[in-house]
Amino acid sequence: MTVFKATRARPARRPLSRALARTAGYGLLLGAVAAFSGVHAAAPESAGGTFTPTFISQLAPATNADPAKQLPGTIAVSDIDFKRGDGGAGRLILRFTGEGAAPDLQTQGSRVVIDVANASIPASLQKPINVSDFATPVEQIDARSAGGGTTLVLNTEGAFESMAYQTGNEYIVEIVPRAPAAVAKTGSTGNAAMGQTISTTSESRSYAGRPVTFNFQDVPVRTVLQLIAEESGLNIVASDTVTGNVTLRLVNVPWDQALDIVLQAKGLDKRRSGNVVWIAPQAEIAQYEQDKEDARIALANRVELVTEYIQINYHNAAQIYKALTEAKGVGGSGGGQGQSGSVDTGFLSPRGRLVADERTNTLMISDTPKKVAEMKELISVIDRPVDQVVIEARVVVATESFMRELGSRFGISGTKDNVAFSGDLEPNRLNLNDTTQITRGLMTDLAVTNPAGAVALSILNAGYLLDVELSAMQTQGRGEVISNPRIVTSNQREAVIRQGQEVGYVTIQPAQAGGVATPSVQFKEVLLEMRVTPTITNDGRVFLNLNVKKDEIEGFIDTSIGDVPQISTRSVNTAVLVEDGQTVVVGGVYEFRERDDVSKVPFLGDIPFLGNLFKKKGRSKEKAELLIFVTPKVLEVAQRNHR
Numbered sequence: 001m002t003v004f005k006a007t008r009a010r011p012a013r014r015p016l017s018r019a020l021a022r023t024a025g026y027g028l029l030l031g032a033v034a035a036f037s038g039v040h041a042a043a044p045e046s047a048g049g050t051f052t053p054t055f056i057s058q059l060a061p062a063t064n065a066d067p068a069k070q071l072p073g074t075i076a077v078s079d080i081d082f083k084r085g086d087g088g089a090g091r092l093i094l095r096f097t098g099e100g101a102a103p104d105l106q107t108q109g110s111r112v113v114i115d116v117a118n119a120s121i122p123a124s125l126q127k128p129i130n131v132s133d134f135a136t137p138v139e140q141i142d143a144r145s146a147g148g149g150t151t152l153v154l155n156t157e158g159a160f161e162s163m164a165y166q167t168g169n170e171y172i173v174e175i176v177p178r179a180p181a182a183v184a185k186t187g188s189t190g191n192a193a194m195g196q197t198i199s200t201t202s203e204s205r206s207y208a209g210r211p212v213t214f215n216f217q218d219v220p221v222r223t224v225l226q227l228i229a230e231e232s233g234l235n236i237v238a239s240d241t242v243t244g245n246v247t248l249r250l251v252n253v254p255w256d257q258a259l260d261i262v263l264q265a266k267g268l269d270k271r272r273s274g275n276v277v278w279i280a281p282q283a284e285i286a287q288y289e290q291d292k293e294d295a296r297i298a299l300a301n302r303v304e305l306v307t308e309y310i311q312i313n314y315h316n317a318a319q320i321y322k323a324l325t326e327a328k329g330v331g332g333s334g335g336g337q338g339q340s341g342s343v344d345t346g347f348l349s350p351r352g353r354l355v356a357d358e359r360t361n362t363l364m365i366s367d368t369p370k371k372v373a374e375m376k377e378l379i380s381v382i383d384r385p386v387d388q389v390v391i392e393a394r395v396v397v398a399t400e401s402f403m404r405e406l407g408s409r410f411g412i413s414g415t416k417d418n419v420a421f422s423g424d425l426e427p428n429r430l431n432l433n434d435t436t437q438i439t440r441g442l443m444t445d446l447a448v449t450n451p452a453g454a455v456a457l458s459i460l461n462a463g464y465l466l467d468v469e470l471s472a473m474q475t476q477g478r479g480e481v482i483s484n485p486r487i488v489t490s491n492q493r494e495a496v497i498r499q500g501q502e503v504g505y506v507t508i509q510p511a512q513a514g515g516v517a518t519p520s521v522q523f524k525e526v527l528l529e530m531r532v533t534p535t536i537t538n539d540g541r542v543f544l545n546l547n548v549k550k551d552e553i554e555g556f557i558d559t560s561i562g563d564v565p566q567i568s569t570r571s572v573n574t575a576v577l578v579e580d581g582q583t584v585v586v587g588g589v590y591e592f593r594e595r596d597d598v599s600k601v602p603f604l605g606d607i608p609f610l611g612n613l614f615k616k617k618g619r620s621k622e623k624a625e626l627l628i629f630v631t632p633k634v635l636e637v638a639q640r641n642h643r
């Protein structure tokens, strides 16, 4: 295991050259190191401003080198791919037929130019690619051949930041959009060795490290980790199993992102504790954590068990037992999953036991002290009194009726010169046979059936009789029926209250083969019923799931086998959120009927004034209104401390 300790030295005396010189089997290009030292000397940390460290190292193996990797024309571009990344970033993936390509990225205004001098491009890929539909800063990609190499031009729109890295035979360029607020804070640092401009910004990103630029060819991973440790100020502990080389080209990348890229490329992972980062292969870290968890479980299995008796006061012990033991995959049962023969016991540990005594409403728990304490705390949350709700409803049925009738009877009877006249044939016959008296015969009979008052006038003269009767009736009625059911229930418990009667009526059962019809009595419920389920919300309001029904007998219908009741039904089924103690109208029906009737003798009833003797008028109005009021009241129940 190797420990890379972070050091803080003057910029001109950074140990980069010494670290690379100590790498066995590698030669250092002195010109690149001289450029690196010049950059650091030109921008010391004490000068202030934004400082972007740039590491440029061209390393080649001293032995066993492959000259074909550096010869122009031996590497070609195999694929050009473009994707949309996180935050609207455009990601260009340039794949080569082999390793050893040396791309050079430059930003020229609104264009990003990538030159690969030692890689050719086939004719099928030399074409413009429109990528504006991806909604990234990149609008178009132009790929063409330049001499024996390849040039790609990315035409962009808007402010952006460029980032590139190379791993294996892939070269990835990310064009990240920059927020307008961060453009004003953007500075640029010249990179003399690469001939490009690196933009830095104070925009908040997921990676907060200082931007760096790496250009490594087949460099040991442990050397890259040492450079990152010096830049980040962290102490990096690398496992002995961290081996291998990496070809890496990163341009303007935060150091913490560069570390993640190296780990991802080599199948490594990290764990951080304070200022120390442990780096090892993923399988090794996973095995370490598994061994640590197994040790914790083994230690827990050796803890002595304790037994506690918990009295349940406001709940049912059997229901709590069912809830705690049927909760699979939670609590202590998760730790026992990895052990052979373990049983999932809900919130208990694999060795825990829970028993419910229904007679005394007591739970008996046997488990480790930690689990017993957790179970007692959990049960104290479940076993507590719930608030109650008083629900009061008012069903109001208000009716109002008005009826007025005006009618008359009119008749003329008499005889003269053996001629009888009246409204009926029978009185005429009697008047002709007996002239000593006149028999009345009405010409119109439009009187009110049950008049409240009447005025009659009869005029008798020699030979004729005149009869006139005016009758009138007016009725008014008002009624109001109030039903007031009231019930108390616990939170989230359904409550039902009902009152009424059963009305019987006769039905006839059809006769069977060779038999006779059999009468039987059936019953119909006529009820006032309220069914409600309240739920008390956290803000003190009450949510009601309500069903109110009110039936009334309007009358009976006479049939050949008996009277059948005629029932009027009123009901409402709703859900409403009500303030505590507030009265709301949850439903209502309003009915209004108006009727005008006229009965008259044709033609005669249309005569002005005198036509009233030949007609009957009636007018009626009926009003009915149904209102249902509900008032919930919360009764808070305080928990008592039991001795």
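To convert, note that position 244 of the sequence shown is 244 in full-length UniProt numbering; the numbers rise steadily by one, no gaps.
Glycine is no exception: its CB is placed at the ideal position from the N, C-alpha and C atoms.
Treat the numbers as computed from the prediction; the structure is a model and nothing was measured.
Start-to-end residues for the alpha helix (DSSP H) that takes in residue i
i           : result
residue 297 : 282-301
residue 265 : 255-265
residue 319 : 317-325
residue 371 : 369-382
residue 228 : 221-232
Inter-residue spacing [alpha-carbon to alpha-carbon] between residue i and residue j
i           : j           : result
residue 523 : residue 554 : 16 Å
residue 332 : residue 295 : Its pLDDT being 42, under 50, residue 332 is placed unreliably by the model, and the measurement read from it follows with that caveat. One C-alpha to the other measures close to 15 Å.
residue 459 : residue 450 : 25 Å
residue 289 : residue 271 : 11 Å
residue 84  : residue 162 : 14 Å
residue 452 : residue 498 : 43 Å
residue 414 : residue 478 : 48 Å
residue 119 : residue 231 : 32 Å
residue 211 : residue 372 : 52 Å
residue 399 : residue 476 : 11 Å
residue 370 : residue 639 : 26 Å
residue 116 : residue 74  : 12 Å
residue 39  : residue 293 : Legend: pLDDT at residue 39 = 31, less than 50; position of this residue unreliable, value from coordinates given subsequently. Straight-line Cα distance between these residues: approximately 49 Å.
residue 604 : residue 552 : 46 Å
residue 548 : residue 580 : 20 Å
residue 429 : residue 420 : 7 Å
residue 538 : residue 257 : 45 Å
residue 222 : residue 236 : 10 Å
residue 320 : residue 377 : 13 Å
Same chain, Cβ closer than 8 Å to residue i, five either side skipped, listed in chain order
i           : result
residue 168 : 99, 247 and 265
residue 508 : 517, 518, 519, 520 and 561
residue 611 : 600, 604 and 605
residue 76  : 96, 97, 119, 120, 121 and 122
residue 261 : 165, 167, 248, 250 and 253
Own chain partners of residue i with C-beta closer than 6 Å, once the 5 adjacent residues on each side are dropped
i           : result
residue 387 : 491, 536, 634, 636 and 637
residue 154 : 112, 138 and 141
residue 502 : 523 and 525
residue 589 : 626
residue 251 : 105, 164 and 213
residue 114 : 103, 105 and 152
residue 623 : 400 and 592
residue 42  : Note that residue 42 scores 32 on pLDDT, short of 50, meaning its location in the model is unreliable; the coordinates nonetheless yield the value given after this. Taken in chain order, the list of residues that qualify is empty.
residue 455 : 470
residue 307 : 366
residue 129 : 141
residue 412 : 466
Residue interval of the beta strand (DSSP E) (run including residue i)
i           : result
residue 268 : 268-273
residue 304 : Neither: residue 304 is in no beta strand (DSSP E) and is coded neither H nor E.
Contacts around residue i, its chain only, beta-carbon distance under 7 Å, and the 5 residues preceding and following it disregarded
i           : result
residue 594 : 621
Quiz item: Taking three-plus beta-carbon pairs below 8 Å as touching, is the segment 266-279 in contact with the segment 232-249?
Solution: yes
Exercise. Taking 8 Å as the threshold, find out whether the segment 218-229 comes into contact with the segment 136-148 through three or more Cβ pairs.
Key: no
Practice problem: Would you check if the segment 524-533 and the segment 486-493 touch, i.e. whether three or more CB-CB distances between them fall below 8 Å? | Solution: yes
Quiz item: Are three or more beta carbon pairs between the segment 389-409 and the segment 609-621 nearer than 8 Å?
Solution: yes
Quiz item: How do the segment 622-636 and the segment 387-396 stand: do at least 3 beta-carbon pairs fall below 8 Å, yes or no?
Solution: yes
Exercise. Tell me, please, whether the segment 422-441 touches the segment 460-475 by the rule of three or more beta-carbon pairs shorter than 8 Å.
Key: yes
Quiz item: Can we say the segment 463-483 touches the segment 356-370, given the rule of at least three CB pairs closer than 8 Å?
Solution: no
Quiz item: Are the segment 542-551 and the segment 570-581 touching, with three or more C-beta to C-beta distances below 8 Å?
Solution: Because the criterion of three Cβ pairs below 8 Å is met, the segment 542-551 and the segment 570-581 touch.
Exercise. Mind listing, in chain order, the continuous alpha helix (DSSP H) runs of no fewer than 4 residues lying wholly within the segment 396-476?
Key: 425-433
Self-check item: 4 or more residues per run - each alpha helix (DSSP H) lying fully within the segment 150-179
Solution: Residue ranges of uninterrupted alpha helix (DSSP H) with 4 or more members are absent from the segment 150-179; none lies entirely inside it.
Quiz item: In the segment 564-595, which residue ranges form an unbroken alpha helix (DSSP H) of at least 4 residues, counting only runs that do not cross its ends?
Solution: none
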